[in-house]
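Peer 1: Sharing a structure here in structure tokens format.
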Amino acid sequence: MEAPHHQAPANIAALTVNSPEQMGELGRRLAKLLRPGDLVMLTGELGAGKTTLTRGLGEGLGVRGAVTSPTFVIARVHPPLGAGPALVHVDAYRLGGGLDEMEDLDLDVSLPDSVIVVEWGDGKVEELSDDRLHVIIDRAVGDTTDEVREVTLTGLGARWTEADLAALSA
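This is the structure:
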């Protein structure tokens, strides 16, 4: 008898990041877990460190071009320098229609062959994939030092069931 279909349990890891340097390092570590077709959603207020994390990801993946916030272009493609996947960095803040608009961007890259990082994607890009990694960056509450962030990584779907997210805090 088949088990009823339901959302796979989430794989969750929480860690504290104390500086922009550590945020970049987290991105470089995370890059080692990523593979083509992965969707990473980044959530956090302005200045939380989303672009810093993505810059680290780009370094870890070994892609071309400086990772900057793609606010005005909506999406920027960083082709791989080596054999790895391209990094597609999307700012969905002004994407109203979600997925259809993503398709319309004509990114000149195959999404299944790329790692896709989406800022401000909540409620817009979930249907791109059942398997996604949701990274939430929060400022540490009540902490006077501006640099401390609480980062929660939630891996959804079968792709992330076995991923060792806890190792990222090493």
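Count along the sequence shown from 1, then add 372; that gives the number in my numbering.
Here a beta-carbon is modelled for each residue, glycine too, at the ideal position from N, C-alpha and C.
This structure is a prediction, so every number in the text was calculated from the model and none was measured.
For Arg-448, is the classification buried or exposed, using 16 other Cβ atoms within 10 angstroms of its Cβ as the cut-off for buried?
Peer 2: It is buried - the Cβ of Arg-448 has at least 16 other Cβ atoms within 10 Å.
Peer 1: Where does Ser-486 sit, in a helix, a strand or coil, going by DSSP?
Peer 2: Looking at Ser-486 - three-state DSSP - the assignment turns out to be strand.
Peer 1: Report buried or exposed for Leu-537, applying the criterion of at least 16 other Cβ atoms within 10 angstroms of its Cβ.
Peer 2: Under this definition Leu-537 is a buried residue.
Peer 1: Whole angstroms is fine: what's the gap from Leu-425's alpha carbon to Leu-467's?
Peer 2: Leu-425 and Leu-467: Cα-Cα distance of roughly 21 Å.
Peer 1: Cutting at 7 Å between CB atoms, please list the residues of its own chain near Ala-464, excluding the five before and the five after it.
Peer 2: Once the five neighbours on either side are set aside, the close Cβ partners of Ala-464 are Val-490, Glu-491, Trp-492, Gly-493, Lys-496 and Val-497.
Peer 1: Return the CA-CA distance between Glu-417 and Gly-437, expressed in angstroms with no decimal places.
Peer 2: For Glu-417 and Gly-437, the distance between alpha carbons rounds to 24 Å.
Peer 1: Could you compute how far the alpha carbon of Arg-521 sits from the alpha carbon of Ala-539?
Peer 2: The alpha-carbon atoms of Arg-521 and Ala-539 are separated by roughly 18 Å.
Peer 1: Nearest CA to the CA of Val-507: which residue from Val-412, Glu-393, Asn-383 and Lys-404?
Peer 2: Minimum Cα distance to Val-507 is reached at Val-412.
Peer 1: For a test of the three-state rule: what should DSSP assign to Gly-399, helix, strand or coil?
Peer 2: The answer is helix: DSSP assigns Gly-399 an H, G or I state.
Peer 1: Is it the case that the region 384 to 402 contacts the region 523 to 532, given that we only count it when at least three CB pairs across the two stretches are under 8 Å?
Peer 2: Short answer: they touch.
Peer 1: Looking only at its chain, what residues have a beta carbon closer than 7 Å to the beta carbon of His-377, apart from the 5 residues adjacent to it on each side?
Peer 2: Model confidence at His-377 stands at a pLDDT of 48, short of 50, so the residue's coordinates are unreliable; what they give is reported in the following sentence. Nothing listed; no residue qualifies.
Peer 1: Starting from Gly-527 and walking both ways along the beta strand (DSSP E), at which residues does that stretch end?
Peer 2: Element bounds for Gly-527: 521 to 528.
Peer 1: Starting from the C-beta of Leu-429, find all residues in its chain whose C-beta is less than 8 Å away, skip the five residues before and the five after it, and write them out in chain order.
Peer 2: The residues are Gly-399, Arg-400, Leu-402, Ala-403, Leu-406, Val-412, Val-439, Leu-459, Val-487 and Val-489.
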